[in-house]
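If you read the sequence shown in this note's numbering, its first letter stands for residue 1324, the second for the next number, and so on.
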Amino acid sequence: MFITWRGLRMKKWISISAIILLVVAIGIVGYLNSQKVATEQKLYVVTTSADIADIVKDVGGDKVKVECIVPPGQCPGHFDIKPQTIETLKKAKLFLRHDYESQKFSDKLIESAGNKNLVVVTLGGNATFMVPPMRLKGIDGVTNALIKVDPKNAESYKKSATKLKDETKQIAAEQKKRLQAAGADKTKVIVALYQTGFAKWAGFDVVASYPPDISLNDAKRLADLGRQEGVTLIIDNLQSPNKAAAQTLSKELGIPVVTLSNFPGGLQGTQKWSDSFIKNVDLVLAQLQKKKSSAGTTTKELGRLVPSCQMTWLSPCIT
């Protein structure tokens, strides 16, 4: 049997190619295994809402793996526990939630998960972390929770938290100037209860607020108050399931509604807090600009006078 020189060269190249492919395959497997180990070594944090998750990502960086269980466009109070939610919590090391959520669904979720190694931290303030002052408190709360569970990375968490707080203050100052320049402090508004904190921070004259479950009769009474006080804008909450109240007020008063989000990711293109917060301000400013363009239009007085104290409902997480 004769083997040509060409045949020998072909066999040589085939052997070399096979060796190269084997080395590449081994390298890929090794890389994937190292990535898996790195992921498993990260602190697995589960949060109830997107505002907490956003802070965890920025403070924790590559030392944490974060998962939020409530969709950003949904109210945590109307979240239904699913089997996959329970499975998620079974694997977590740290569970972060707002204090106003503890009696709604998360207590039951923790019990169902049965994770004895799970550390549960309830963040105070009775509020989401969208408004800057509350976000600063949220950053402190999240940082302390991460350090509690993962003390070896304490310095890294503290450094990231300081940077994040500085960025938050800078963005807040810039947006406050925009609102002041647009005349927010000269604008009377009626606000959804869970957007009251933002409206007050922005400088609006908040005449009254309304809860998600306001009745039709109360909405009409609120409209009467709006006419009396010269309200020119309704601020509604994206995560509130009932949109009828805002639409009723808008129709009765003949004024616009602006719908804001309490959580990053609630509005399109707003995955981060900064995106969502600036988007909220943009939406408000757009309405204020329209108000300037149509200056001279006034609301007519109609109906019986209703003291504003009768029209403001108290509830947790209004800040």
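Glycine residues also receive a C-beta, built at the ideal position from the N, C-alpha and C atoms.
Check: Residue 1558 in three-state terms, based on DSSP; Outcome: strand
Check: Element boundaries [alpha helix (DSSP H), containing residue 1480]; Outcome: 1477 to 1504
Check: Segment contact flag, the region 1422 to 1437 with the region 1406 to 1413, C-beta cutoff 8 Å, min 3 pairs; Outcome: yes
Check: Beta strand (DSSP E) runs wholly inside the region 1567 to 1599, at least 3 long, in chain order; Outcome: 1580 to 1583
Check: Range of the contiguous alpha helix (DSSP H) that encloses residue 1542; Outcome: 1539 to 1552
Check: Three CB pairs or more closer than 8 Å across the region 1573 to 1581 and the region 1489 to 1502; Outcome: no
Check: Terminal residues of the beta strand (DSSP E) in which residue 1532 lies; Outcome: 1528 to 1533
Check: Residues that residue 1420 bridges to, as DSSP identifies them; Outcome: 1445
Check: DSSP bridge partner residues for residue 1398 (one or two, in chain order); Outcome: DSSP output for residue 1398 lists no bridge partner at all.
Check: Exposure label - residue 1584; buried when at least 16 CB within 10 Å; Outcome: buried
Check: Residue of 1441, 1582, 1545 minimising C-alpha distance to residue 1367; Outcome: 1441
Check: Boundaries of the alpha helix (DSSP H) in which residue 1466 is found, first to last residue; Outcome: 1455 to 1472
Check: Where residue 1513 sits in the DSSP three-state scheme; Outcome: strand
Check: Proximity test, residue 1603 beta-carbon vs the ligand COA heavy atom, cut-off 7 Å; Outcome: Looking for the ligand COA in the displayed structure turns up nothing, as the structure carries no ligands at all.
Check: Nonlocal neighbours in the same chain, by C-beta distance under 8 Å from residue 1382, ignoring five residues either side; Outcome: 1462, 1465, 1466, 1469, 1480, 1483, 1484, 1487
Check: C-beta atoms of residue 1537 and residue 1568 nearer than 8 Å; Outcome: yes
Check: Residues sharing a beta bridge with residue 1366, DSSP; Outcome: 1387
Check: Close beta carbons around residue 1357, own chain, < 8 Å, minus the five adjacent residues each side; Outcome: Low local confidence applies: a pLDDT of 39 at residue 1357 is under 50, so the model's placement there is unreliable, with the coordinate-based value given in what follows. Same-chain partners within the cutoff: there are none.
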